[in-house]
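Engineer: Once you've had a glance at the structure underneath, I'll fire off some questions.
See the structure below:
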């Protein structure tokens, strides 16, 4: 059975694991734990208007998203960090959060599928 990858690009993860399948599994496990937890934190901070902390969490999310390889989530996160850090275009942050949320489930499914290979 072939798994079609459409929402993630794990090239960076493979590069960082340097061909070590066990390391890849560890990294995938970390992504499956950290990605939803950090995203929930971002949603809460956005709703609470805690922009400075949202900027920090969003900055941390950049490295997580580099391993996921989803361009839409990466771009939305970049916009969130910039808006929150500079207190500009804050009215758009919830739209960027919604973009990330739209991709969260299919990304998580693909990460889970990659872990089970």
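In our numbering, the protein residues as written are 871 to 987.
The beta-carbon is built from N, C-alpha and C at its ideal position, and this holds for glycine as well.
1) Please confirm if the segment 874–888 is in contact with the segment 907–917, defined as three or more CB-CB distances below 8 Å between the two stretches.
2) Cα-Cα, which of 987, 874, 891, 886 is closest to residue 936?
3) Need the endpoints of the alpha helix (DSSP H) that residue 985 sits in, please.
4) Skipping 5 residues on each side, what residues in its chain have a beta carbon closer than 8 Å to that of residue 985?
5) Round the Cβ separation of residue 992 and residue 905 to the nearest angstrom and send it over; I've been treating them as touching at under 8 Å.
6) So, with DSSP's three-state summary, where would you put residue 888?
7) Apart from the five residues on each side of it in sequence, which residues of its chain come closer than 6 Å, Cβ to Cβ, to residue 871?
8) Fully enclosed by the segment 888–933, which alpha helix (DSSP H) runs are 4 residues long or longer?
Structural biologist: The short version:
1) Below 8 Å, too few C-beta pairs join the segment 874–888 and the segment 907–917 to call them touching: fewer than three.
2) Residue 936 sits at position 66 when you count from the first residue of the chain shown. The closest CA to that of residue 936, considering only 987, 874, 891, 886, is found on 886.
3) Indexing the chain shown from 1 puts residue 985 at position 115. Where residue 985 is concerned, the enclosing alpha helix (DSSP H) starts and stops at 963–985.
4) Along the chain shown, one-based indexing puts residue 985 at 115. Cβ within range, chain order: 895, 898, 899, 902.
5) The displayed coordinates of the chain run from 871 to 987. Any statement about residue 992 would go beyond what the structure contains.
6) The count along the chain shown starts at 1 and reaches residue 888 at position 18. Residue state, collapsed to three classes: coil.
7) Taking the chain shown and counting its residues from 1, one reaches residue 871 at position 1. Because the pLDDT at residue 871 is just 49, under 50, the model does not fix this residue reliably, and the point stays unresolved.
8) Taking only runs of at least 4 residues, the alpha helix (DSSP H) segments lying wholly in the segment 888–933 are 891–918.
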